[in-house]
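For the sequence shown, the residue numbers in this note's numbering are 8 to 198. Glycine included, C-beta positions come from ideal geometry on N, C-alpha and C.
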Amino acid sequence: MKRLEALDRKEGYFLDLAAEEGWPKQKLRERIDVIRQEIADIKRTIEQADQRLDVGQRLLHAALALLNWPSDAYRAGSERVRLLLNRAFFARLSVDGEKIAGHELQEPFDVLLGAYEQYVITRTSTLPSHETAKSAELLTDSGAHDREFPADSTRLTWQVSGWSSAAMVGGTGIEPVTSSVRMRPFLGGGA
Numbered sequence: 008m009k010r011l012e013a014l015d016r017k018e019g020y021f022l023d024l025a026a027e028e029g030w031p032k033q034k035l036r037e038r039i040d041v042i043r044q045e046i047a048d049i050k051r052t053i054e055q056a057d058q059r060l061d062v063g064q065r066l067l068h069a070a071l072a073l074l075n076w077p078s079d080a081y082r083a084g085s086e087r088v089r090l091l092l093n094r095a096f097f098a099r100l101s102v103d104g105e106k107i108a109g110h111e112l113q114e115p116f117d118v119l120l121g122a123y124e125q126y127v128i129t130r131t132s133t134l135p136s137h138e139t140a141k142s143a144e145l146l147t148d149s150g151a152h153d154r155e156f157p158a159d160s161t162r163l164t165w166q167v168s169g170w171s172s173a174a175m176v177g178g179t180g181i182e183p184v185t186s187s188v189r190m191r192p193f194l195g196g197g198a
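(1) Does the separation of the CB atoms of GLU45 and LEU14 fall below 8 angstroms?
(2) Report all residues from its chain with a CB closer than 6 angstroms to the CB of LEU92; omit the five preceding and five following residues, and keep chain order.
(3) Taking DSSP as the reference, what is the three-state secondary structure of GLY196?
(4) Between the C-alpha atoms of LEU132 and ALA122, what's the straight-line distance to the nearest angstrom?
(5) Go ahead and label ILE42 buried or exposed: buried means 16 or more other beta carbons lie within 10 angstroms of its beta carbon, across all protein chains shown.
(6) On a CA-only basis, which of ARG89, GLY19 and GLY104 is nearest PRO77? Give me that one, please.
(7) Suppose the cutoff is 6 angstroms on Cβ atoms and the five residues either side in sequence are ignored; what does the same chain contact list for SER101 look like?
(8) Over what stretch of residues does the beta strand (DSSP E) that includes GLY84 continue unbroken?
(9) The alpha helix (DSSP H) spanning GLU18 covers which residue range?
(10) If I follow the unbroken beta strand (DSSP E) through GLY109, where does it start and stop?
(11) Could you spell out where the alpha helix (DSSP H) holding GLY121 opens and where it closes?
(12) Return the chain-ordered list of same chain residues with a C-beta closer than 8 angstroms to the C-beta of ALA25, the five sequence neighbours on each side being excluded.
(13) Relative to the C-alpha of LEU120, which candidate in LEU11, LEU74, LYS50 and GLU18 has its C-alpha closest?
(14) CB-CB under 7 angstroms to MET8, same chain, minus the five flanking residues each way: which ones, in chain order?
(15) Can you tell me which of ARG59, GLU18 and ARG99 puts its alpha carbon nearest to the alpha carbon of GLN113?
(16) Are there 16 or more other CB atoms within 10 angstroms of the CB of VAL62, so buried, or fewer, so exposed?
(17) In angstroms, rounded to a whole number, what distance separates the CA positions of GLU18 and LEU67?
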């Protein structure tokens, strides 16, 4: 914008000179034409950048809308819908038997997930301990607790919990009390 302002001032200066007698009109016209061409080029570049930003913004909004309830769309959708969702979200899926062993997300979902993880980490690491449980609902409510995040879980644990021994170990110590351990039924398919 500063360059446009400078060019506008320069153009005004040359126009003022052209209005006066005794100045070489042809030479001033050539300089004014060069300035006007540069102004037009800059404005065209700005317009193209705005158009690219608009496309990026629409893509981001579409991706966020798709992320709103992906599991519902996947469950309710036909095989074709599931295939399209898989292609939209994943660049690569690693399958081990009947289990998904790993994944690589497509753009922009890889960036969105990374931003979401950082948001949760930052939010929970800056909250008082009584608020941390509420922020955990962010993961639970969105279904993110069921997902495997590509982030290093050790790093997440340290950043979320802090370095407090009491927060890391808890009231029962390192070993859980046997009576408080619940067994979860295995619901997955065979390997």
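On the basis of the supplied data:
(1) yes
(2) TYR81
(3) Confidence at GLY196 is low in this model, with a pLDDT of 49, below 50, so the placement of that residue is unreliable and no value is reported for it.
(4) Going by the sequence as given, residue 132 is Ser instead of Leu. Approximately 15 angstroms between the Cα atoms of the pair.
(5) buried
(6) ARG89
(7) ALA108 and GLY109
(8) No beta strand (DSSP E) holds GLY84; DSSP gives it neither H nor E.
(9) 9-26
(10) 106-112
(11) 116-133
(12) LYS32, LEU35, ARG36 and ILE39
(13) LEU74
(14) none
(15) ARG99
(16) exposed
(17) 40 angstroms
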